[in-house]
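Participant: Read left to right, the sequence shown gives residues 61 to 202 (the working numbering).
Dumping the structure here so I can ask a few things about it.
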Amino acid sequence: LGTIENPPIPQNPNSTKCQKPHIFSVVHYNIQSIRNKTFQLEAIMNNYDNPPNILCFSETWLRQGETELTETHGYRLVASYERTNMEAGGSVIYSDNTMKLIQEESITAMSIEGILECGGAIDMKNKIIVTSVYLRQKHGTH
Numbered sequence: 061l062g063t064i065e066n067p068p069i070p071q072n073p074n075s076t077k078c079q080k081p082h083i084f085s086v087v088h089y090n091i092q093s094i095r096n097k098t099f100q101l102e103a104i105m106n107n108y109d110n111p112p113n114i115l116c117f118s119e120t121w122l123r124q125g126e127t128e129l130t131e132t133h134g135y136r137l138v139a140s141y142e143r144t145n146m147e148a149g150g151s152v153i154y155s156d157n158t159m160k161l162i163q164e165e166s167i168t169a170m171s172i173e174g175i176l177e178c179g180g181a182i183d184m185k186n187k188i189i190v191t192s193v194y195l196r197q198k199h200g201t202h
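What follows is the structure, encoded as structure tokens:
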């Protein structure tokens with residue numbers, strides 16, 4: 061869980077009052093199959109006093125075309141990478157309605173199936189970029 065807070069900015073150089081900072085929170089889970097964890101996710105989300113604005117999941121194990129079928133209550137699908145030829149892997153970004161994130165295709169286009177799989181989103185107004193990345197670990201190396 062990570063919370064990001066921009067420092068307060070004075071309204072004008074002669075003022076000591078500060079504008080309220082824009083605060084949002086991001087949660088990332090290496091979920092290892094989102095299909096069979098919807099009830100667990102809902103229980104986890106209900107434990108937050110202030111639910112996160114953005115959910116990022118890696119290792120969704122979803123194939124191309126399946127992401128749109130997943131639903132996370134109170135969140136909308138923003139960006140994803142699904143595998144086409146292999147099992148496991150994948151990444152996804154969901155956002156609540158307070159965020160104005162849209163998919164950033166140039167981030168998703170950097171993905172290499174089975175090696176580096178990323179979904180990317182951007183909020184131009186607030187100058188925010190969010191990525192959810194699955195990076196394969198090499199086994200047998202130190």
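Glycine is no exception: its CB is placed at the ideal position from the N, C-alpha and C atoms.
Work out the CA separation of E177 and L195 for me, nearest whole Å.
Facilitator: So the alpha carbons of these two residues sit roughly 6 angstroms apart.
Participant: For L161, which residues from the same chain have a beta carbon less than 6 angstroms from its beta carbon, with the 5 sequence-adjacent residues on both sides left out?
Facilitator: Taken in chain order, the residues that qualify are V138, S155, A181, D183.
Participant: Which value, in whole angstroms, describes the spacing of the CA atoms of A103 and M159?
Facilitator: Computed Cα separation, rounded: 23 angstroms.
Participant: Kindly list the residues whose CB is nearer than 7 angstroms to the CB of K187, restricted to its own chain and excluding five residues on each side of it in sequence; keep chain order.
Facilitator: None.
Participant: List the residues that DSSP assigns as beta-bridge partners of V152.
Facilitator: Answer is F117, S140, bridged to V152.
Participant: Look at the alpha carbon of G174 and the alpha carbon of F117, and state the distance between them as a whole number of angstroms.
Facilitator: One C-alpha to the other measures close to 16 angstroms.
Participant: Ignore the nearest five residues each way along the sequence and tell me which others in Y89's own chain have a CB closer than 7 angstroms to its CB.
Facilitator: For Y89, where only same-chain residues beyond five positions count, the Cβ hits under 7 angstroms are F117.
Participant: Determine the extent of the beta strand (DSSP E) in which S192 is found, giving its start and end residues.
Facilitator: 188–195 is the span of the beta strand (DSSP E), which, as asked, contains S192.
Participant: Would you decide whether E131 is buried or exposed? Buried here means 16 or more other CB atoms lie within 10 Å of its CB.
Facilitator: Exposed, by the Cβ-count rule.
Participant: Between the alpha carbons of I172 and Y141, how many angstroms are there, rounded?
Facilitator: Roughly 10 angstroms separates the two Cα atoms.
Participant: Would you kindly check if the distance between the Cβ of G150 and the Cβ of T191 is under 8 angstroms?
Facilitator: Cβ atoms of T191 and G150: not closer than 8 angstroms.
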